[in-house]
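K.L.:
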Amino acid sequence: MGKPYSTELKQLEDTYAAAISLNIDHLCTAVAASASLPLLAVGSGGSLTAAHFMSTLHQRFAGKIAKVVTPLELIVAAPVTREIAVWCLSAGGSNPDIKAAFQTAVLREPKQLFAICTKTGSPLSHLVSKHHYTGIFEFDLPSQKDGFLATNSLLAFFVLLARAYHRVFTVDNELPESLSGLIYQGSTADEFKMRIEQKCFPLWERRSLTLLYSIPTQSAAVDIESKFVEAALGDVQHSDYRNFAHGRHYWLAKRGNDTAVLSLGSDSERELIQATLQLLPPDIPVVKLHFTGGDTAVAIKSLVACLYVVGSAGKQRGIDPGRPGVPLFGQRLYHLRALGTPSIIFGGTVDACETAIIRKTGTLPNVLAAQGQLEFWYNAYQDFIQKLQSVSFSTVVFDYDGTLCDERDRFGSPEKNIAKEISRLLRAGIIIGIATGRGKSVKKALREIIPNRYWKHVIVGCYNGADCGLLSDDNHPNTMEKPCHELGVLAKVFQSNLKLVQLADLTVRSKQITVEPKQVLWSETVISLINQIVYETNSSGARLVTSSRSIDVLGPGVSKRTVVEKARELSGEILNPQALCIGDRGKWPGNDFDLLSELFSLSVDETSSDSETCWNLAPAGYRGAQATLGYLRSLQVKDDGLHFDLTQIR
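Quick look at the structure:
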């Protein structure tokens, strides 16, 4: 098992070059999507080091709390909340723990769930493909699989994540084109290796190693501790320079004769490091590795240097860290499927009612029970299900983006299975309504998937219901109308606000102003700024609603519920005017809040707090168009219209 560690070190230059040149557009999109959220970075073994580095990057650039967790921590103790990003990092994407962690996370439905893997087509990638709201960035290393310890995969993780965070947050990239330019400084890899071996030789005369690190070198310190234990190279205790002063120094007082100190330093803490090392007992060997440059460059430099430190320790102690020899019990431990079947709550089962209640309340059932609220929500769920399945529908009204069409397909058409189900309903005489914040592009996409003989049975409400017309009517939407008085006043104020114009693109229409942040991470700032302007201008009747991509300011009287009324009129049903409404942004100020305030409404993502409507009944782990498809398949055509059958959701 494994391969020679010296061979892996020789492959680092090619790995670095590949990671520097790899297209990271998809990775940057994912990093941007997580920028406004707290982060859980999940990893095992060597990938846990990469998770530490990502956590550092996220806190430094996004300014959000980030926590490193193992798969077991995620499953047992990590917070169950939708307002979080979860990233699973894995070199091979095949170990049972990371797969169990991903499967558990997918059922908890965080705002973002993403994976990064140094192998294409892995089992982890297969799991991602089953849940369309999740994503993965996968690539193949030129060095192929690591040996026993994570080496080239770890360097690739560091470089790719560093590039992505620097690009998303428009910070100059600190990384040169080659590893030689980063750390070898004109020398060859072999010469660098020799310098490390010579410098670190005094460390290997002692059994234990106290490892002190500056904050930019923390990830490298975590990796050394991990590798020394995994390859049985020696005892390691690591600490930052100040935490070392709070008792950890006592180890040197009692075990100094068998301990050496490795100091990892950077310019940001130079004075602290010097002052600390000067106070250490003079008979204890101290080796200093100091790294210059910005924090990101220092993190990668120290990682590479520490990979060589591990090689040096292995050489002196007669152990090849790349293939130390794994006993049978170790192999069995690695492949042990100890985490079992994933569930929303560890040890429980995935219950449809509990899933719906968690989505509705954002609170776990056991907490609701302790608060005396669980029975209320259980009864509310049962009442909603009973009402939903007891009526027939002549009309179904959908939101478009995030409901019929996922974000990744935003500029295309709904997938063929969605199109097939919509055509099935139209053949049965059901009227379809589409309520969207967009305009002609949606009508064009719908015409591509719906046979033209049904166009007269489809109402399209563009600009959040401000402009309604049949799919067959080329006169809608009307893009030539001037903005109404209220929005005309607001538009002038928006366009004269230099900060808003810098942060977002504005499109002014008759009864809607669309404000689209130029970067996802600016969304919160843009929303706050618009709210402030609307308040200060005392614009009576104007409302702000949000979608996944934009903020829409609506004129007086504009509502997606207008589409529902138009669809009911088109159906001609007097005795059976019931409409089923489906959207994704049911939580205020989402742009489906009005639509999903209708009595019979289902969400495929966010829900309102109303106990009587806007429930999300999709199976756990399903969101967006994938959840919509489940709802569509549950609609059974009968003589008196459509009937919803919860047992048919899949």
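Following our numbering, the residues of the sequence shown are numbered contiguously, the last one being 1366. For glycine and all other residues, C-beta sits at the position ideal for the given N, C-alpha and C. Quick caveat, the model's predicted, so the values are computed rather than measured.
1) Sort CYS1330, ASP1356 and ILE1298 by Cα distance to TYR1367 and report the nearest one.
2) What are the uninterrupted segments assigned as alpha helix (DSSP H) that are 4 or more residues long and contained completely in the region 1309-1334, given in chain order?
3) Pull up the CB-CB distance for LEU1260 and ILE1246, whole angstroms please, since I reckon it's below 8 angstroms.
4) Would you report the Cα separation of LYS719 and GLY1034, rounded to the nearest angstrom?
5) What residues in its chain sit with their C-beta under 7 angstroms from that of ASN1307, if we drop five residues either side in the sequence?
6) Can you give me the start and stop residues for the alpha helix (DSSP H) that HIS675 sits inside?
7) By DSSP, does ALA757 sit in helix, in strand, or in coil?
8) For my contact list, TYR721 and GLY863 are in at a C-beta cut-off of 8 angstroms; report their separation, rounded to the angstrom.
9) Can you give me the Cβ contacts of ALA937 inside the same chain, cut-off strictly under 7 angstroms, excluding the 5 residues immediately before and after it?
10) Quick one: which unbroken alpha helix (DSSP H) runs of 4-plus residues sit fully inside the region 1079-1127? Chain order, please.
11) Please classify PRO1130: is it buried, with 16 or more other beta-carbons within 10 angstroms of its beta-carbon, or exposed?
12) Verify whether the separation of the beta carbon atoms of GLY950 and SER924 is less than 8 angstroms.
13) For PRO932, which option in TYR1024, THR834, ILE1166 and GLN775 has the closest C-alpha, if you only look at C-alpha atoms?
14) Measuring only the C-alpha atoms, how far is GLN1105 from SER752?
15) Inspect the CB distances between the region 1275-1282 and the region 1087-1097 and report whether three or more fall short of 8 angstroms.
16) Which class does THR1077 belong to by DSSP, given the choice of helix, strand or coil?
17) Is VAL887 helix, strand or coil by DSSP?
18) Enumerate in chain order the residues of its own chain whose CB-to-CB distance from CYS744 is below 6 angstroms, with the five nearest sequence positions on each side excluded.
19) Tell me where the beta strand (DSSP E) around ASP1268 begins and ends.
20) Could you give the residue range of the alpha helix (DSSP H) that holds PRO1233?
21) Can you give the Cα-Cα distance for GLN727 and LEU871, rounded to whole angstroms?
22) Might you give, ordered along the chain, the residues of its own chain that have their beta carbon closer than 7 angstroms to the beta carbon of GLY1357, omitting 5 neighbours on each side?
23) For PHE818, which residues in the same chain have their Cβ closer than 7 angstroms to its Cβ, ignoring the five residues on either side in sequence?
24) For TRP920, which residues from the same chain have a beta carbon less than 7 angstroms from its beta carbon, with the 5 sequence-adjacent residues on both sides left out?
25) If you follow the alpha helix (DSSP H) that ALA991 is part of, which residue opens it and which one closes it?
26) Report the rounded CA-to-CA distance for ALA1383 versus ASP856, giving the unit in angstroms.
27) Have a look at the DSSP bridge pairing and note the partners of ILE1150.
28) In three-state DSSP terms, what is LYS1354?
29) Could you give the distance in angstroms between the alpha-carbon of ARG1265 and the alpha-carbon of MET910?
30) Are the Cβ atoms of GLY1010 and GLU890 separated by less than 8 angstroms?
31) Enumerate in chain order the residues of its own chain whose CB-to-CB distance from SER750 is below 6 angstroms, with the five nearest sequence positions on each side excluded.
32) Just how far apart, CA to CA, sit LYS815 and GLY809?
33) Where CYS1330 and THR1077 are concerned, what is the direct C-alpha to C-alpha distance, given to the nearest angstrom?
34) Would you mind working out which of GLN1235, GLU1197 and LEU1206 sits nearest ALA1220, comparing C-alpha positions?
35) Could you give the distance in angstroms between the alpha-carbon of ALA961 and the alpha-carbon of SER1313?
36) Hey, THR1195 and ASP939: beta-carbon distance below 8 angstroms or not?
P.N.:
Result, derived from the coordinates:
1) Shown here, the chain extends from 717 to 1366; a query on residue 1367 therefore has no answer.
2) none
3) Locating residue 1260 in the sequence shown gives position 544, counting from the first residue. Locating residue 1246 in the sequence shown gives position 530, counting from the first residue. Contact holds; Cβ gap of about 6 angstroms.
4) Position 3 of the sequence shown holds residue 719. Position 318 of the sequence shown holds residue 1034. The alpha-carbon atoms of LYS719 and GLY1034 are separated by roughly 15 angstroms.
5) Translated into positions along the sequence shown, residue 1307 becomes position 591. So the qualifying residues of the chain are GLY1153, ASN1180, VAL1261, THR1262, SER1263, ASP1268 and ARG1301.
6) No answer is possible for residue 675: the residues shown for the chain start at 717 and end at 1366.
7) Sequence index remark: in the sequence shown, residue 757 carries index 41 (1-based). Looking at ALA757 - three-state DSSP - the assignment turns out to be strand.
8) Within the sequence shown, the letter at position 5 stands for residue 721. Within the sequence shown, the letter at position 147 stands for residue 863. The pair is a contact, with the Cβ atoms about 6 angstroms apart (cut-off 8 angstroms).
9) Numbered from its first residue, the sequence shown carries residue 937 at position 221. LEU927, TYR929, HIS954 and LEU980.
10) 1081-1086 and 1090-1104
11) If you number the sequence shown from 1, residue 1130 lands on position 414. By the neighbour-count rule (16 or more Cβ atoms within 10 Å), PRO1130 is buried.
12) By one-based count along the sequence shown, residue 950 stands at place 234. By one-based count along the sequence shown, residue 924 stands at place 208. Cβ atoms of GLY950 and SER924: closer than 8 angstroms.
13) Taking the sequence shown and counting its residues from 1, the one referred to as residue 932 is at position 216. Ranking TYR1024, THR834, ILE1166 and GLN775 by Cα distance to PRO932 puts GLN775 first.
14) Sequence index remark: in the sequence shown, residue 1105 carries index 389 (1-based). Sequence index remark: in the sequence shown, residue 752 carries index 36 (1-based). Near 38 angstroms, if we compare the C-alpha coordinates of SER752 and GLN1105.
15) no
16) Here residue 1077 is taken as the residue at index 361 of the sequence shown, counted from 1. Residue state, collapsed to three classes: helix.
17) The residue given as residue 887 occupies position 171 in the sequence shown. In this structure, VAL887 counts as coil in the three-state DSSP scheme.
18) For this step, residue 744 is matched to residue 28 along the sequence shown. ALA880, ARG883 and VAL884.
19) In the sequence shown, residue 1268 corresponds to position 552, counting from 1. That run of the beta strand (DSSP E) goes 1267-1270.
20) Taking the first residue of the sequence shown as position 1, residue 1233 is located at position 517. Careful: PRO1233 lies outside any alpha helix (DSSP H), inside the beta strand (DSSP E) at 1228-1233.
21) Here residue 727 refers to the residue found at position 11 when the sequence shown is read from its first residue. Here residue 871 refers to the residue found at position 155 when the sequence shown is read from its first residue. Spanning the two alpha carbons is a distance of roughly 11 angstroms.
22) Here residue 1357 corresponds to residue number 641 of the sequence shown, with the count starting at 1. Excluding residues within five positions, the ones whose Cβ falls inside 7 angstroms are SER1108, PHE1109, SER1110 and ASN1292.
23) If you number the sequence shown from 1, residue 818 lands on position 102. So the list reads CYS804, ALA831, LEU840 and LEU843, once near-sequence residues are dropped.
24) Start at 1 with the first residue of the sequence shown, and residue 920 comes out as number 204. Cβ within range, chain order: ALA1029, GLN1032 and ARG1033.
25) Against the sequence shown, residue 991 aligns to sequence position 275. Residues 986-994.
26) In the structure as shown, the chain begins at 717 and stops at 1366. Residue 1383 is therefore absent and cannot be evaluated.
27) Residue mapping note: residue 1150 aligns to position 434 of the sequence shown, counting from 1. Answer is PHE1114 and VAL1176, bridged to ILE1150.
28) Here the question's residue 1354 lines up with position 638 in the sequence shown. Three-state DSSP puts LYS1354 in a strand.
29) The count along the sequence shown starts at 1 and reaches residue 1265 at position 549. The count along the sequence shown starts at 1 and reaches residue 910 at position 194. The straight-line gap from Cα to Cα measures roughly 53 angstroms.
30) Against the sequence shown, residue 1010 aligns to sequence position 294. Against the sequence shown, residue 890 aligns to sequence position 174. Yes, the Cβ-Cβ distance between GLY1010 and GLU890 is below 8 angstroms.
31) Position 34 of the sequence shown, counted from the start, is the residue given in the question as residue 750. Counting only Cβ-Cβ distances below 6 angstroms, and skipping sequence neighbours, we find ALA801 and GLN828.
32) Here residue 815 corresponds to residue number 99 of the sequence shown, with the count starting at 1. Here residue 809 corresponds to residue number 93 of the sequence shown, with the count starting at 1. Taking the straight line joining both Cα atoms gives about 7 angstroms.
33) As a position in the sequence shown, residue 1330 is number 614, starting the count at 1. As a position in the sequence shown, residue 1077 is number 361, starting the count at 1. Taking the straight line from one Cα to the other gives about 12 angstroms.
34) Against the sequence shown, residue 1220 aligns to sequence position 504. Closest by alpha carbon: GLN1235.
35) In the sequence shown, residue 961 corresponds to position 245, counting from 1. In the sequence shown, residue 1313 corresponds to position 597, counting from 1. So the two alpha carbons sit approximately 59 angstroms from each other.
36) For the purposes of this step, residue 1195 is taken as the residue at position 479 of the sequence shown. For the purposes of this step, residue 939 is taken as the residue at position 223 of the sequence shown. No, they are not a contact pair.
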